[in-house]
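If you count by the working numbering, then the sequence shown holds residues 84 to 749, one letter each, in order. Ideal Cβ positions, reconstructed from N, Cα and C, are used throughout, including at glycine. Before any comments, here is the structure.
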Amino acid sequence: EHRRNTREHMVRESHQDRELGTCLRESPSFHSRFTALTISREPRNKHGAKDGAVGTGQGCTNASSGAATAVTTMLFEPGGDGQTPQVVVLVGAPGMGKTTMVRKVMVEWGEGTLHTQFDFVFCIDCKAITLPMEASVADLVSQCCPGLRMPAGKILDDQKKILFIFDGFEALGFSLVQPEAELSSDPREVKPLELTLMSLLKKTVLPEASLLITTRPTALGSLGRCLEGEYYMEIVGFSAARREEYFHRYFENPNKADMAFRFVRGNEILHSLCVIPLMSWTVCTILEQELCGTKNLLECSKATTGTVLFYLSQLLKHRDRDNPQVLQQFLLQLCSLAADGIWKHKVLFEEKEIKGCGLDQPGLLPFFLNERIPKEGEDYGSVYAFTHLHLQEFFAAMFYVLEDDGEMVSSLGRLEKDVNKLLESYSKSRKDLNVTVRFLFGLVSQKSIEYMDKTIGCRISPQARGELLKWLQGRDRGLSHPGQALKVSEMDTFHLLFETNEKSFAQCALGHFTDLDLRDTKLTLYDQMALSFCIQHWDGLGCVTLQGCSFHWQDPEAELDASVPCSGVSGAGGHPGALAVRRREELPCPIHLLCRALRHRGSALRVLRLQWCRLSESCCAELATLLAEHPGLAQLELGDSSLGDSGVRLLCEGLRTPGCRLRVLR
84 EHRRNTREHM VRESHQDREL GTCLRESPSF HSRFTALTIS REPRNKHGAK DGAVGTGQGC
144 TNASSGAATA VTTMLFEPGG DGQTPQVVVL VGAPGMGKTT MVRKVMVEWG EGTLHTQFDF
204 VFCIDCKAIT LPMEASVADL VSQCCPGLRM PAGKILDDQK KILFIFDGFE ALGFSLVQPE
264 AELSSDPREV KPLELTLMSL LKKTVLPEAS LLITTRPTAL GSLGRCLEGE YYMEIVGFSA
324 ARREEYFHRY FENPNKADMA FRFVRGNEIL HSLCVIPLMS WTVCTILEQE LCGTKNLLEC
384 SKATTGTVLF YLSQLLKHRD RDNPQVLQQF LLQLCSLAAD GIWKHKVLFE EKEIKGCGLD
444 QPGLLPFFLN ERIPKEGEDY GSVYAFTHLH LQEFFAAMFY VLEDDGEMVS SLGRLEKDVN
504 KLLESYSKSR KDLNVTVRFL FGLVSQKSIE YMDKTIGCRI SPQARGELLK WLQGRDRGLS
564 HPGQALKVSE MDTFHLLFET NEKSFAQCAL GHFTDLDLRD TKLTLYDQMA LSFCIQHWDG
624 LGCVTLQGCS FHWQDPEAEL DASVPCSGVS GAGGHPGALA VRRREELPCP IHLLCRALRH
684 RGSALRVLRL QWCRLSESCC AELATLLAEH PGLAQLELGD SSLGDSGVRL LCEGLRTPGC
744 RLRVLR
């Protein structure tokens, strides 16, 4: 009973710390929100780090088979060598969920469901706790839980029953090189704080106690030299199934969760970035605000660039508040490095490149780059990589539009800020530049320019807008045949314009074109939203050809794996412990967005070709409404569709309306 009361008290103390990952909204039940992370586990020598997502940031694809549903169960289980670890180091980039994992450990221990081998768990938040200059281990225990009824000295008598957690170890900021002779062996001995903590790490005091340390990759090198026999666990984010589970846990309404995830699943960039837990939270927060405002994600105004900018602002909230000019200069150099890497197909950067660019700033570097420590015997120094390839592409795009006082010069050499060279390379051969170019268009939108200036303190050059507009018009004009109507035949064009999300920009870009011609294209929900946005702001559009295109509102490959338990998912019909069941609201017909966009006021539409699109009866009501409300529509082609008798009857109702002026129906 005493131990249970002690647990409850200590967990209450830990809950008085900051709420984790739930800023901008009230914190719900921790259990209902927590989604299992994918981690890899491997015992390593004290100089090494496993080669994995820390080095690449590309997600969970290389995660070991040791990943578990409730990953906290793995922390102090015997490893492959049969040994139960006493020291576990949990490694992850910012936003990967290290602190959330610590909180999960505390909650499970407090409830008596896991980690019951420990009678006492003391969590030291290295980022927030105020520690005295001198202290004993007993003093640390008392400071962690000031209301404990049992004397700290008595608690420390049974070492095997104690777990110390150091969360955010890299924030301690003192030297880990201390004279061995000065380390303590008595938990009651008062020493300078550095020596007391080093004594715990090196096991000269309480050698049988267990340690759990969370840290960013940048602190691994110095930390590894202090530890013996430690196990490293690396958080590599959410698997594909876990991303969907997180959305269902975040949105208590299953219909909203389903719509939000379909929106993200159709956007390959966002879906890939959601491997980072903080990015998943960012996307859900933005989409929740959209659903509150419009009640309909089909009118969502947030494109990929806006989401990444919001993510960036959340990251920078936790940095040290230094001189704004320091951050601006750092970002300029970071963007230069990113762009140089994109041109050279390079994702790993050596330490000398980081120093040569002036990026070796511990207060900023870990937010953007992960460090991979070489294994013992490897003869090269540390290498770095962006947390995710798409983030490198984002910063590469920023390089071309950020204002600075001159050309960037570093150990990389002079990298020319020529937007036209980038766009020309993309048009001719470098299709791998697609994501960078998409971010370029997003960054020159008026909303992005204002957000960057106000929130991040960086200015975007207005000159880039004109260059991008001119290039886009010239590219699509060049794809049209001489003597024929000017047409847009690249889905990419609609993605780029949707990324700017500006009515005036889209009108200028499309103003000289009269035809839209896409063939044999699988249109995801995100594709359809981009297409609809452009059609609504395309006054001169007279002919729409979508021959052989298919319209998808859901991805059959994105179904939640039935083997993944989803206990605690709330919502209508949800039962704790039940397998997750994909709940779907009744969806609109596949061409709902297209027809709604074509009915916009001022539309000049005359011809609509939908042959070989395999339309069904469910599409006929939308088509009938279009016929009734669009007097300019003269030609409609629906070849190779399965409309059925009832579908044709619906079409006939549209044909009978006074507003219908159709001349040709195929």
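- For Ala119, the closest of Ala302, Ala324, Leu259, Thr298 by C-alpha to C-alpha distance is Ala324.
- The DSSP-derived three-state label of Phe159 is coil.
- One thing to note: Thr121 has its Cβ within 7 Å of the Cβ of Ser322.
- As computed with DSSP, Val170 is found in a beta bridge with Leu294.
- The alpha carbon of Gly439 has as its nearest neighbour, out of Glu160, Thr576, Phe413, His428, the alpha carbon of Phe413.
- Around Glu582, the same chain offers Ala386, Thr387, Thr388, Arg521, Phe524, Gly525 as residues with beta carbons nearer than 7 Å, after the five sequence neighbours per side are excluded.
- A direct Cα-Cα distance of roughly 30 Å separates Arg697 from Lys514.
- With a beta-carbon spacing of about 11 Å, Phe588 and Cys617 fall beyond the 8 Å limit used to define contacts.
- The alpha helix (DSSP H) runs lying completely inside the segment 494-558 and spanning 4 residues or more are 502-511, 517-526, 529-534, given in chain order.
- Cβ neighbours of Leu614 within its own chain (closer than 6 Å, five residues either side excluded): Phe577.
- Residue environment for Val358: buried (at least 16 other C-beta atoms within 10 angstroms of its C-beta).
- In the same chain as Tyr509, and ignoring 5 residues on each side of it, the C-beta atoms closer than 6 Å to its own belong to Leu516, Val520, in chain order.
- By alpha-carbon distance to Met316, the top candidate from Glu160, Phe205, Ser396, Arg271 is Glu160.
- In its chain, beyond the 5 residues on either side, Val571, Leu580, Cys617, His620, Trp621, Gly623, Leu624 have a beta carbon closer than 8 Å to the beta carbon of Leu593.
- Residue burial annotation: Cys678 is buried, with at least 16 other C-beta atoms found within 10 angstroms of its C-beta.
- By the CB criterion at 7 Å, Glu272 and Ser219 fall inside the cutoff.
- With a cutoff of 7 Å on beta-carbon distance, Cys367 and Tyr394 are scored as not near each other.
- Boundaries around Ala468 are those of the beta strand (DSSP E), 466-469, since no alpha helix (DSSP H) includes it.
- In this structure, the straight-line span from the alpha carbon of Thr390 to that of Thr365 is close to 7 Å.
- Inclusion of Val527 and Arg560 in the CB contact set at 7 Å is not warranted, their separation being larger than that value.
- The three-state reading of DSSP puts Ile359 in coil, since its state is none of H, G, I, E or B.
- For Leu693, no pairing in a beta bridge is given by DSSP.
- Taking all protein chains in view, the Cβ of Cys735 is surrounded by fewer than 16 other Cβ atoms within 10 Å, so the residue is classified as exposed.
- For the set Leu280, Val690, Leu295, the Cα lying nearest the Cα of Phe201 is the one of Leu295.
- Residue burial is scored here from C-beta neighbours: Lys187 has at least 16 other C-beta atoms within 10 angstroms and is therefore classed as buried.
- Under the three-state reduction of DSSP, Glu712 is assigned to helix.
- The distance from the Cβ of Leu599 to that of Val627 is about 5 Å, consistent with a contact at the 8 Å cut-off.
- Cα atoms of Thr470 and Leu280: separation of roughly 30 Å, rounded to the nearest angstrom.
- The beta-carbon distance between Leu721 and Arg682, rounded to whole angstroms, is 18 Å. This is too long to meet the 8 Å contact definition.
- At least 7 Å separates the beta-carbon of Tyr483 from that of Phe432.
- Using a C-beta cut-off of 8 Å, the segment 286-302 makes contact with the segment 233-244, since at least three inter-stretch Cβ pairs fall below that distance.
- In this structure, Arg326 keeps its C-beta atom at 7 Å or more from the C-beta atom of Leu608.
- At the C-beta level, Cys541 and Phe478 stay beyond 7 Å of one another.
- Ala568 counts as exposed, since fewer than 16 other C-beta atoms from the protein chains shown sit within 10 angstroms of its C-beta.
- When the five nearest sequence neighbours on each side are left out, the beta carbons in the same chain lying within less than 6 Å of the beta carbon of Leu506 are those of Trp554, in order along the chain.
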